[in-house]
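Novice: Have a look at the structure that comes next, please.
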Amino acid sequence: MRKFLLAAGAAFLGFPATAQAPEPPKLIVAIAVDQFSADLFDEYQPSFTAGLARLSSGTVFHNGYQSHAVTETCPGHSTILTGDHPARTGIIGNYWIDQSIARPDKNVYCAEDESVPGTSSIADKVSPEHLLVPTLGDLMKARWSDSHNVAVSGKDRAAVMMSGHNVDQRWYWTGTRFATDLTAVTPPAVVAKVNALAAAGLATARPPLEPTPLCQSKARVITVEGGGKSVGAGAFARTAGDQAAFRASPELDGDTLALAAALVDSMQLGRHADPDMLSISLSATDYVGHSYGTEGQEMCLNLTELDREIGDFLNVLDSRKLNYEVVLTADHGGKDIPERQRLAGVTDAARVDSALSASAMGKALVTKLGLPGPGLLGDNSVGDMYVDKRLSASEQQQLLDAAIAAYRAHPQVEAVFTAAQIAATPIATTPPETWSLIQRVRAGYYPGRSGDFFVVLKKDVTPIANTTYSVATHGSAWDYDRRVPILFWRSGASGITVEHSADTTDVMPTLASMIGLPVKPGSIDGHCLAEVPGAHCPPN
Ligand SMILES: [Zn+2]
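Oh and the sequence shown: position 306 is 305 in numbering that gives the first Met the number 0, straight run, nothing missing.
Following this line, the structure appears as structure tokens:
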């Protein structure tokens, strides 16, 4: 972020100092760090010295939960500022299959509008269409005429799910620049400036980062199964123009935060008559986790840089004398590569059997049963599974029964649930760490989008067999993917560590209570967290 501040930030430094910030906050800054598991936060918290250290001096929930089973980016981001589980937000995964839509591509991307002619799930039209509930920013704008709702992210789906339907500015990285789906609004001039700086950065080769002693201690080359490159001792050296290496490095978050800071200034966020909402999703940690795993030198270097970048960003807000509240959490957790986990003593860590993918399983079953077509759609080996509806009703039932039996018989499968079983399960209201597997699945079930049945793999099975593009991932119903930190901070905060669990759906009602935005009891899944200073939780 420094390069931008040097280039353009100085122009905005002339605001007069104001008196000590009054309650309630005039700016809410919600930060999602993509794939920032509670395991990673707990491991690195003692070594943070900048932004993440500051946020750790506020109210810390070590046991936050993205409580649903499909622990992916889109559902996870959809819970944070709506107060609802994916069963209510409608965002059941990054992708789902809808065989009723008109276009040939039946895959649906969570943040697209598939009714736009000429689109596909790959060449999509970015849209909040699928998000069925309002975000906090939407509700603020509905209540107050001078509230602003702004989002910046490394990923379009993260920006869409955190900001929602009534948005002033929404910007996300597209590989070479920040773009927006809000084509009717005029972009502030600073966007072009940040984009020019980001493009210049991307076009320049990057030398390796200098590892700290802590990160050096984690440098060990690990051979990865499944055809992928060895990982463990990288330091983000990059050739000029390498987009994939750029986003799987701290550079992406630096530019994302630079754009967020520039929008704070140019849009005067936190200086309006009514409170403003700024959502920031930092995607690099997820790309680093997928590319290198979570326990090597790469993640250590990434988190060191993330700590510094967030610190620089908060220093900008301080220098503008803004009265702001920060919440930081994650859209899901994550898990290291099985090859390194086994070295660390997780003896059952393994890669998934490629025979469990929907395409391989479907092919085996239609051959056995003498049925036409692929049988099962998509290529998941975990989560929602879809039976081909072009088969007759009796063939569909035959295939469904055979598929459920085949998955249940596989030694890497923990459980299989039918859509009927899931639908008959009430949404749990008990603490998320006590939920059964089917309760976790139920919290992300939405009829018409969810599959015909749902596969839960055994704990410590990584659902990636071919490691050419990605060596590690998340997405399971297990706590390493569900448990995330939830941190609240504002100026003058005194450290409060909360041991009991919280849910990411609790973030929205807690923030709403701080700014006096009423939330009708029972209208959302989340609950106001009374431990957070400044929260004015309604009586239960
Ligand atoms: Zn991911």
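Glycine is no exception: its CB is placed at the ideal position from the N, C-alpha and C atoms.
For GLY8, which residues from the same chain have a beta carbon less than 6 Å from its beta carbon, with the 5 sequence-adjacent residues on both sides left out?
Specialist: As a first step, residue 8 must be located in the sequence shown, where it is residue number 9. Because GLY8 carries a pLDDT of 38, less than 50, the predicted location of this residue cannot be relied on, and no value is offered for it.
Novice: Could you check which residue in ALA471, ALA464, THR466 and ALA422 has the C-alpha nearest to that of VAL450?
Specialist: Residue numbering aside, residue 450 sits at position 451 when the sequence shown is read from its first letter. Note on identity: in this sequence residue 450 is Gly, with Val being the wrong assignment. For GLY450, the nearest C-alpha among the options comes from ALA422.
Novice: Could you name the residues that DSSP lists as bridge partners for SER280?
Specialist: As a first step, residue 280 is located in the sequence shown; it is residue number 281 there, counting from the start. SER280 is bridged to ALA31 and SER152.
Novice: Would you call the segment 237 to 247 in contact with the segment 277 to 294, where contact means no fewer than 3 C-beta pairs closer than 8 Å?
Specialist: Verdict: yes, contact present.
Novice: Hey, could you find the ends of the alpha helix (DSSP H) THR472 is sitting in?
Specialist: If you number the sequence shown from 1, residue 472 lands on position 473. Careful: THR472 lies outside any alpha helix (DSSP H) and carries neither H nor E.
Novice: Where VAL115 and ALA49 are concerned, what is the direct C-alpha to C-alpha distance, given to the nearest angstrom?
Specialist: Here the question's residue 115 lines up with position 116 in the sequence shown. Here the question's residue 49 lines up with position 50 in the sequence shown. Each residue's alpha carbon lies about 45 Å from the other.
Novice: Give every residue of the same chain whose Cβ lies closer than 8 Å to the Cβ of LEU375, excluding the five residues on either side of it in the sequence, and list them in chain order.
Specialist: As a working note, residue 375 is residue 376 in the sequence shown. These residues qualify, in order along the chain: ALA357, SER358, MET360, GLY361, LEU364, MET384, TYR385, VAL386, ASP387, LEU398 and ALA402.
Novice: For ligand 1, I want to know if THR466 counts as a neighbour, meaning its beta carbon is within less than 7 Å of at least one of the ligand's heavy atoms.
Specialist: The residue labelled residue 466 in the question sits at position 467 within the sequence shown. No, ligand 1 has no heavy atom inside 7 Å of this Cβ.
Novice: Please report how far the alpha carbon of ALA501 lies from the alpha carbon of THR366, in whole angstroms.
Specialist: Here the question's residue 501 lines up with position 502 in the sequence shown. Here the question's residue 366 lines up with position 367 in the sequence shown. C-alpha separation (whole angstroms): 47 Å.
Novice: To the nearest angstrom, how far is it from the Cα of THR284 to the Cα of ILE30?
Specialist: As a working note, residue 284 is residue 285 in the sequence shown. As a working note, residue 30 is residue 31 in the sequence shown. Cα to Cα, THR284 sits roughly 13 Å from ILE30.
Novice: Taking the alpha-carbon of GLY174 as reference, which of SER162, THR185 and GLY200 has the nearest alpha-carbon?
Specialist: Within the sequence shown, residue 174 is the residue found at index 175, counting from 1. Comparing Cα-Cα distances from GLY174 to each of SER162, THR185 and GLY200, the minimum goes to GLY200.
Novice: Does ligand 1 have even one heavy atom less than 7 Å from the beta-carbon of ASP306?
Specialist: Reading the sequence shown from its first residue, position 307 is the one you call residue 306. Answer for ASP306: no, Cβ out of range of ligand 1.
Novice: Is GLN34 close to ligand 1? I mean its beta-carbon at under 7 Å from any heavy atom of the ligand.
Specialist: To locate residue 34, count along the sequence shown from 1; it is residue 35. Yes, Cβ of GLN34 sits closer than 7 Å to a heavy atom of ligand 1.
Novice: Report buried or exposed for SER522, applying the criterion of at least 16 other Cβ atoms within 10 angstroms of its Cβ.
Specialist: Along the sequence shown, one-based indexing puts residue 522 at 523. Exposed is the call here.
Novice: If you compare alpha carbons, which of LEU213, PRO45, GLY295 and ILE463 is closest to GLY226?
Specialist: On the sequence shown, residue 226 is found 227 positions in, with the first residue counted as 1. The shortest Cα separation from GLY226 among LEU213, PRO45, GLY295 and ILE463 belongs to ILE463.
Novice: Since TRP488 sits in a beta bridge, which residues does DSSP pair it with?
Specialist: Taking the sequence shown and counting its residues from 1, one reaches residue 488 at position 489. According to DSSP, TRP488 bridges with VAL325.
Novice: Measure from the alpha carbon of LEU196 to the alpha carbon of each residue in MET507, LEU251 and SER380, then state which is nearest.
Specialist: Taking the first residue of the sequence shown as 1, we reach residue 196 at position 197. Of the candidates MET507, LEU251 and SER380, the one whose C-alpha sits nearest the C-alpha of LEU196 is LEU251.
Novice: Counting only the same chain and skipping the five closest in sequence on each side, list residues whose C-beta sits under 6 Å from that of THR424.
Specialist: Taking the first residue of the sequence shown as position 1, residue 424 is located at position 425. Here the set comprises ILE437 and ARG441.
Novice: Please work out which residues of its chain come closer than 6 Å, Cβ to Cβ, to GLN98, disregarding the five sequence neighbours upstream and downstream, and give them in chain order.
Specialist: The residue labelled residue 98 in the question sits at position 99 within the sequence shown. Contacts found: LYS105 and LYS388.
Novice: If you count every other CB in all the chains shown that lies within 10 Å of the CB of ALA534, and 16 or more means buried, which is it?
Specialist: Reading the sequence shown from its first residue, position 535 is the one you call residue 534. Buried, by the Cβ-count rule.
Novice: Using a Cβ-Cβ distance under 8 Å, would ALA329 count as near chain C?
Specialist: The structure shown contains no chain C, having only a single protein chain.
Novice: Does any heavy atom of ligand 1 sit closer than 7 Å to the C-beta of ASP38?
Specialist: As a working note, residue 38 is residue 39 in the sequence shown. It does not: the Cβ of ASP38 is nowhere closer than 7 Å to a heavy atom of ligand 1.
Novice: Would the C-beta of HIS473 count as close to ligand 1, meaning under 7 Å from any of its heavy atoms?
Specialist: The residue labelled residue 473 in the question sits at position 474 within the sequence shown. For ligand 1, at least one heavy atom lies less than 7 Å from the Cβ of HIS473.
Novice: Excluding the 5 residues preceding and the 5 following ALA86 in the sequence, name in chain order all residues of the same chain whose CB lies nearer than 7 Å to its CB.
Specialist: By one-based count along the sequence shown, residue 86 stands at place 87. These residues qualify, in order along the chain: ILE426, ARG441, ALA442, GLY443, TYR444 and TYR445.
Novice: To which residues of the same chain is GLN406 closer than 6 Å at the C-beta, ignoring the five residues directly before and after it?
Specialist: Within the sequence shown, the letter at position 407 stands for residue 406. The identity of residue 406 in the sequence shown is Tyr, whereas the question assumes Gln. Result list for TYR406: VAL412, VAL415 and VAL454, in chain order.
Novice: Can you tell me which of the three DSSP states PHE14 falls into?
Specialist: Taking the sequence shown and counting its residues from 1, one reaches residue 14 at position 15. Confidence at PHE14 is low in this model, with a pLDDT of 34, below 50, so the placement of that residue should be treated as unreliable; the coordinate-derived value is given next. Reduced to three states, the DSSP call for PHE14 is coil.
Novice: Please say whether HIS129 and ILE90 have beta carbons closer to each other than 8 Å?
Specialist: Taking the first residue of the sequence shown as 1, we reach residue 90 at position 91. Taking the first residue of the sequence shown as 1, we reach residue 129 at position 130. Yes, they are a contact pair.
Novice: Taking 8 Å as the threshold, find out whether the segment 183 to 193 comes into contact with the segment 301 to 317 through three or more Cβ pairs.
Specialist: Contact between the segment 183 to 193 and the segment 301 to 317 is absent, because fewer than three Cβ pairs lie under 8 Å.
Novice: Return the first residue and the last residue of the alpha helix (DSSP H) that LEU196 is part of.
Specialist: By one-based count along the sequence shown, residue 196 stands at place 197. Here the alpha helix (DSSP H) through LEU196 covers 188 to 201.
Novice: For THR134, which residues of its own chain have a beta-carbon under 7 Å away from its beta-carbon, when the five flanking residues on both sides are left out?
Specialist: As a first step, residue 134 must be located in the sequence shown, where it is residue number 135. For THR134, where only same-chain residues beyond five positions count, the Cβ hits under 7 Å are LEU80, THR81, MET161, SER162 and GLY163.
Novice: If you check the beta carbons only, do MET276 and LEU516 fall under 8 Å apart?
Specialist: For the purposes of this step, residue 276 is taken as residue 277 along the sequence shown, with counting starting at 1. For the purposes of this step, residue 516 is taken as residue 517 along the sequence shown, with counting starting at 1. Against a cut-off of 8 Å, the Cβ pair of LEU516 and MET276 comes out as no contact.
Novice: Nearest-angstrom Cα distance between LYS2 and LEU305?
Specialist: Here residue 2 refers to the residue found at position 3 when the sequence shown is read from its first residue. Here residue 305 refers to the residue found at position 306 when the sequence shown is read from its first residue. Unreliable placement is indicated for LYS2, whose pLDDT of 47 sits below 50; the coordinate value is still reported in the next sentence. Taking the straight line from one Cα to the other gives about 15 Å.
Novice: Between which residues of its own chain and GLY153 is the CB-CB distance below 6 Å, once the five residues before and five after are set aside?
Specialist: Walking along the sequence shown from the start, residue 153 turns up at place 154. The residues are TRP172, LEU251, THR255 and SER282.
Novice: Let me check one thing: in DSSP terms, what residues is TRP95 bridge-paired to?
Specialist: Looking up residue 95 in the sequence shown gives position 96. BP columns for TRP95 point to VAL107.
Novice: Under 6 Å Cβ to Cβ from THR461, same chain only, skipping five residues before and after it: list those, please.
Specialist: For the purposes of this step, residue 461 is taken as residue 462 along the sequence shown, with counting starting at 1. Counting only Cβ-Cβ distances below 6 Å, and skipping sequence neighbours, we find PRO337 and ARG350.
Novice: Would you kindly report the start and end of the unbroken alpha helix (DSSP H) that includes PHE40?
Specialist: Here residue 40 refers to the residue found at position 41 when the sequence shown is read from its first residue. Run containing PHE40: 37 to 43, per the alpha helix (DSSP H) assignment.
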